[in-house]
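Q: Numbering (our numbering), first residue to last: 23 to 162.
Quick reminder that beta carbons are idealized off the backbone N, C-alpha and C, glycines included.
Note that the structure is a prediction, hence the values are computed from the model and not measured.
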Amino acid sequence: MKKIAGIVIAAIIFLSACENKAKEAATEKENYQKATETLLEKERKNPLAFLSVNSHDKHNLLGQTVIKGNVNNTAKVCTYKDVQLELSFFSKTGTLLEKANETIYDNIAPGKSADFKSKYFAPKGTDSVGIKVRGAKIKD
23 MKKIAGIVIA
33 AIIFLSACEN
43 KAKEAATEKE
53 NYQKATETLL
63 EKERKNPLAF
73 LSVNSHDKHN
83 LLGQTVIKGN
93 VNNTAKVCTY
103 KDVQLELSFF
113 SKTGTLLEKA
123 NETIYDNIAP
133 GKSADFKSKY
143 FAPKGTDSVG
153 IKVRGAKIKD
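See below:
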């Protein structure tokens, strides 16, 4: 009789432990999904925080300013597309001469980048070009 009672108690403890592990796994999965959803919401609301641009410029034989660069997506979940850039042309003294807009029509997956190349007849006296991300669309 004592053996049966011991076996029953051991079985109850074992089954309750298995049930707790199943609940913990379900809770952990639910928490992960919530964290992913909130991260996706943050990335959708503020693409400028997750997109950066690197570039360099040179002049070709026709007198055009050739701008090459890439747009980096540091988001973890969200894919961006149609990234809008603002190009600012500056003189040697740092005076803003002109601004132009450029759109990169490409899908940029999380952790990836997209290369671009643009040619402009920059205003006379242009010494450098500054580029910043103005916005982007979310790929559904």
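Is Val-155 closer than 8 Å to Leu-61 when the C-beta atoms are compared?
A: Taking 8 Å as the Cβ cut-off, Leu-61 and Val-155 do not qualify as a contacting pair.
Q: Identify the continuous beta strand (DSSP E) that holds Leu-73 and give its terminal residues.
A: Segment 73-81, the beta strand (DSSP E) holding Leu-73.
Q: Kindly give me the distance between the Cβ atoms of Thr-101 and Pro-132, rounded to whole angstroms, as I take these residues to be in contact under 8 Å.
A: Correct: roughly 6 Å between the Cβ atoms.
Q: On the three-state DSSP scale, how would you describe Leu-109?
A: Three-state DSSP puts Leu-109 in a strand.
Q: Which partner residues of Thr-125 appear in the DSSP bridge assignment?
A: Beta-bridge pairing links Thr-125 to Gln-106.
Q: With DSSP as the reference, please indicate the residues paired to Glu-65 in a beta bridge.
A: The partner list for Glu-65 (beta bridge, DSSP) is empty, contrary to what the question assumes.
Q: To the nearest angstrom, how far is it from the Cα of Gly-152 to the Cα of Thr-117?
A: Taking the straight line joining both Cα atoms gives about 12 Å.
Q: Ends of the beta strand (DSSP E) at Phe-138?
A: Unbroken beta strand (DSSP E) run through Phe-138: 135-142.
Q: Any idea which residues DSSP pairs Lys-90 with across the strands?
A: DSSP lists His-78, Lys-139 as partners of Lys-90.
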